[in-house]
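Numbering that gives the first Met the number 0 puts the first residue of the sequence shown at 0, with every later residue one more than the last. First comes the structure, then the notes that go with it.
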Amino acid sequence: MGTQALKIPPKLASDRKIPAIVPLSAARTTPFPSLAFSLSQPELPCAMPVRLERPKLRLVGPPILSFNPLPVGQKLRLGLPAWAAQVRAKAGLPAPRFLSIRAQLYYGNPRTVPRIAGELTISIQPRHPALVRCLAGSMPEPPPKRPPWTVLVAAWRAVPAFARAGLIVLCISGSSGALLWNKQGPAFQDYIERRAAIEVAEDFSGTLEAWVDAGQGLAGWRLDRPGVVEVGDLALLKATRRLSDYQVEFLGQITGRSLCWAYRVADWQNYYATKLMVVKPGPVPNLALVRYAVVGGRTQQLAQIPVRVVLQSGAPVHVRVQVKADGFTTWIADRMVDFWHDSRFAAGGVGFFAEPGERPRLYWVRVTHQKDFLGKVCAFLARTHRGGIEP
0 MGTQALKIPP KLASDRKIPA IVPLSAARTT PFPSLAFSLS QPELPCAMPV RLERPKLRLV
60 GPPILSFNPL PVGQKLRLGL PAWAAQVRAK AGLPAPRFLS IRAQLYYGNP RTVPRIAGEL
120 TISIQPRHPA LVRCLAGSMP EPPPKRPPWT VLVAAWRAVP AFARAGLIVL CISGSSGALL
180 WNKQGPAFQD YIERRAAIEV AEDFSGTLEA WVDAGQGLAG WRLDRPGVVE VGDLALLKAT
240 RRLSDYQVEF LGQITGRSLC WAYRVADWQN YYATKLMVVK PGPVPNLALV RYAVVGGRTQ
300 QLAQIPVRVV LQSGAPVHVR VQVKADGFTT WIADRMVDFW HDSRFAAGGV GFFAEPGERP
360 RLYWVRVTHQ KDFLGKVCAF LARTHRGGIE P
């Protein structure tokens, strides 16, 4: 595909508006197209037709003539998160003037509202080609918000046909709900159970009855005060023992050198473990994330990852871990610090433990899964069925 020519007059008025839209050539062989256009004399069309559903460059202001020098071949790093584009520009303007053009790169159907991918400024070297290389670096414009009803429609369409029929019947069946639940068959019942939302919360406001360890005694665990617990040997949150995919969040505090947690705890000898460790103490300590698998009671596949998070010594830290299929993602203070894969353990609960001689603290723990609208509906149906309550 050839390039589209844009012509610039020798004399430009600074107050002249340029509503021109310049189509750009796009390579079809790469997901990040190479974009190009050329600039030459002597005239500038006020508008150009756009019929391409490809990336396009739209001028958003009049050209600005500048006397500031621009070294030949200088590379400008500009933010275009949606594209890694290369724009080549040539101009034959009289020296020593330089041309700067503000433009927006956008994509989508030109007949609808375009989505802005980023804004850039092109500086053109007179009588010399100037290369402007656009790299990712700025946040894209957020996508338009969808009406709430479209989200519900999308969720409804994602439900299998047999489950849709069962949900409709259960919602309108009244007193015969339990009977109709059974008539739908095990496939429908199994789907409702698997799709139900899960939420397990612990705020340590009372006892530690929700936890269990290998010796049934919670060795080393102690309620410091309502809402705060000191962690000891490995203990598991009972309600999470049979879960496979979930997200766990907690607020903890490093009182010594580490804060430790475990997930996919299949048994006391097989699980995944992670430690947030203080590598270099100080008012703002250097931290590292150490994660490994415990197989048959032995540590395997140990890795240490630096944590680039500013955390004051002794301050509580918010941790979030997503466990999904064979992938595990960890956030520290809402910043993603680690992602890795392992398929040895398919299911297991959430637990916490302390290194010998240390007593890290926990303030609260929350485990969730599938907490969307459909998940909540399925959780209600499953709960009423198990409890013998007619919908």
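Cβ atoms here follow ideal geometry from the backbone N, Cα and C, with glycine treated the same way.
Take residue i as the anchor and find which of the options has the nearest alpha-carbon.
i: aspartate 232; options: Arg360, Thr367, Val366, His368; result: Arg360
i: serine 204; options: Arg224, Glu192, Gln299, Arg256; result: Arg224
i: alanine 218; options: Gly374, Pro355, Lys375, Val376; result: Pro355
i: aspartate 325; options: Gly296, Arg319, Asp341; result: Asp341
i: isoleucine 331; options: Thr239, Ala302, Thr273; result: Thr273
Kindly give me the distance between the Cβ atoms of residue i and residue j, rounded to whole angstroms, as I take these residues to be in contact under 8 Å.
i: valine 322; j: tyrosine 245; result: 6 Å
i: valine 283; j: isoleucine 253; result: That pair is no contact at about 13 Å.
Report all residues from its chain with a CB closer than 6 Å to the CB of residue i; omit the five preceding and five following residues, and keep chain order.
i: leucine 250; result: Pro315, His317, Tyr362, Trp363
i: arginine 365; result: Ala200, Glu248
i: arginine 221; result: Glu229
i: glutamate 198; result: Thr367
i: alanine 346; result: Ser243
i: isoleucine 304; result: Leu288, Asp337
i: tyrosine 271; result: Tyr262, Arg263, Ala292
i: leucine 235; result: Val211, Val264, Gly348, Gly350
Can you give the Cα-Cα distance for residue i and residue j, rounded to whole angstroms?
i: leucine 275; j: arginine 334; result: 14 Å
i: alanine 154; j: glycine 214; result: 44 Å
i: phenylalanine 372; j: leucine 380; result: 13 Å
i: glycine 226; j: aspartate 202; result: 6 Å
i: phenylalanine 327; j: valine 349; result: 13 Å
i: glycine 255; j: glutamate 357; result: 6 Å
i: lysine 237; j: valine 264; result: 11 Å
i: lysine 370; j: leucine 258; result: 27 Å
i: threonine 312; j: glycine 281; result: The question names threonine, but residue 312 in the sequence shown is serine. Each residue's Cα considered, the two are about 7 Å apart.
i: lysine 375; j: leucine 310; result: 36 Å
i: threonine 206; j: valine 308; result: 33 Å
i: arginine 397; j: arginine 193; result: No answer is possible for residue 397: the residues shown for the chain start at 0 and end at 390.
i: tyrosine 190; j: valine 320; result: 25 Å
i: aspartate 212; j: arginine 156; result: 43 Å
i: tryptophan 267; j: phenylalanine 352; result: 12 Å
i: alanine 209; j: glycine 216; result: 12 Å
i: alanine 302; j: glutamine 188; result: 42 Å
i: threonine 329; j: threonine 239; result: 18 Å
i: tryptophan 260; j: valine 306; result: 16 Å
Considering just the uninterrupted stretch of the beta strand (DSSP E) at residue i, what are its terminal residues?
i: alanine 261; result: 257–266
i: proline 235; result: In the sequence on display, residue 235 carries leucine and not proline. Run containing leucine 235: 234–236, per the beta strand (DSSP E) assignment.
i: lysine 274; result: 269–279
i: arginine 221; result: 221–224
i: glycine 348; result: 348–352
i: proline 305; result: 297–306
i: lysine 323; result: 316–323
i: alanine 292; result: 285–294
i: alanine 200; result: 197–201
i: glutamine 246; result: 245–252
i: phenylalanine 229; result: The amino acid occupying residue 229 in the given sequence is glutamate; phenylalanine does not appear at that position. Per DSSP, glutamate 229 belongs to the beta strand (DSSP E) from 227–229.
i: aspartate 337; result: 334–340
i: leucine 242; result: It is not in any beta strand (DSSP E) - leucine 242 carries neither H nor E in the DSSP assignment.
i: threonine 328; result: 326–331
i: valine 366; result: 360–368
i: valine 211; result: 210–212
Can you find the residues in the same chain that come closer than 8 Å, C-beta to C-beta, to residue i, ignoring five residues on each side of it along the sequence?
i: lysine 279; result: Asn285
i: proline 141; result: Because the pLDDT of proline 141 is 47, which lies under 50, any placement of that residue in the model is unreliable, and the question is left without a value.
i: tryptophan 339; result: Arg290, Ala302, Gly326, Phe327
In its own chain, which residues sit with a C-beta less than 7 Å from the C-beta of residue i, not counting the 5 before and 5 after it?
i: valine 294; result: Asn269, Arg343
i: alanine 378; result: Ala195, Ala196
i: glutamine 299; result: Tyr291, Ala292
i: glycine 296; result: Gln268
For chain B, is any of its Cβ atoms less than 8 Å away from the one on residue i?
i: phenylalanine 379; result: Note that chain B does not occur in the displayed structure, where there is just one protein chain.
For the ligand FMN, is there a heavy atom less than 7 Å away from the beta-carbon of residue i?
i: tyrosine 245; result: Judged by which ligands are present, the structure shown has none, so any question about the ligand FMN falls away.
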